[in-house]
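J.: Here's a structure for you.
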Amino acid sequence: MKYIPVANVITEEDDAQAVYEVVKSGWLSKGKKVDEFEKRFAAAVGARDAIAVNSGTSALHAVLAALDIGPGDEVILPSLTFISTANAVLYQGATPVLVECDPKTYNVTPEILEKAITDRTKAMIPVDMNGLPVDYDAILALGRRRGIPVIADSAESLGA
């Protein structure tokens with residue numbers, strides 16, 4: 431059986447040189463290259479701003495903390511996702527509420543999310559599975575109507 435890696439290691443000389451230059455600069459987490467990356471990323475996804483973090487887990491955790499989500503709060507997320515989605519909720523002391531996904535798209539739908547909303551629901555985290563974004567127009571409309579923030583977990587769909 432052939433091994434299929436989840437990610438490939440940098441093998442191009444110019445990429446390796448770019449990594450070396452960043453390490454040599456002493457600015458690994460915040461510097462000229464990170465600023466450039468944030469600007470280019472924001473432009474690529476049509477956002478006003480972007481903040482680089484070390485992982486999708488950290489990104490989700492930061493957003494949940496910024497929303498002051500904590501013990502006693504519930505956050506709705508799909509049962510089909512990488513464990514980091516639930517872990518970020520647990521890091522805040524909140525309760526992940528797992529919902530089933532549409533069997534054709536493997537994504538949550540507004541109807542599925544709405545059935546799980548309670549008075550303790552403080553956020554919803556739809557996850558774009560396998561490069562297929564959820565129906566954000568409909569899910570954002572649900573969030574606005576119910577006063578519940580929607581946190582997009584698009585780690586698997588950037589550029590889609």
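Sequential numbering of the sequence shown, starting at 431, is according to this note's numbering. Glycine included, each C-beta is placed from N, C-alpha and C at the ideal position. Here the structure is a predicted model, which means the values were calculated and not measured.
1. Report the rounded CA-to-CA distance for V580 versus D498, giving the unit in angstroms.
2. Judging by CA-CA distance, which residue of K552, D558 and S587 is the nearest neighbour of R574?
3. Taking just the CA atoms, how far does V527 sit from A437?
4. By how many angstroms is the C-alpha of D444 removed from the C-alpha of E504?
5. Closest to N537 by CA distance: which of G561, V519, Y521 and I547 is it?
6. Going by other Cβ atoms of all chains shown within 10 Å of its Cβ, with 16 needed for buried, is V453 buried or exposed?
7. How about P540 and D558: are their beta carbons less than 8 Å apart?
8. Would you mind reading off the limits of the alpha helix (DSSP H) that contains E451?
9. Could you spell out where the alpha helix (DSSP H) holding I569 opens and where it closes?
10. Between which two residues does the beta strand (DSSP E) holding V529 run?
11. Assign D479 to one of two classes, buried (16 or more other C-beta atoms within 10 Å of its C-beta) or exposed (fewer than that).
12. Assign I499 to one of three DSSP states: helix, strand, or coil.
T.: From the atom records:
1. 14 Å
2. K552
3. 30 Å
4. 46 Å
5. G561
6. exposed
7. no
8. E443 to S455
9. Y566 to R576
10. T525 to V529
11. exposed
12. Reduced to three states, the DSSP call for I499 is coil.
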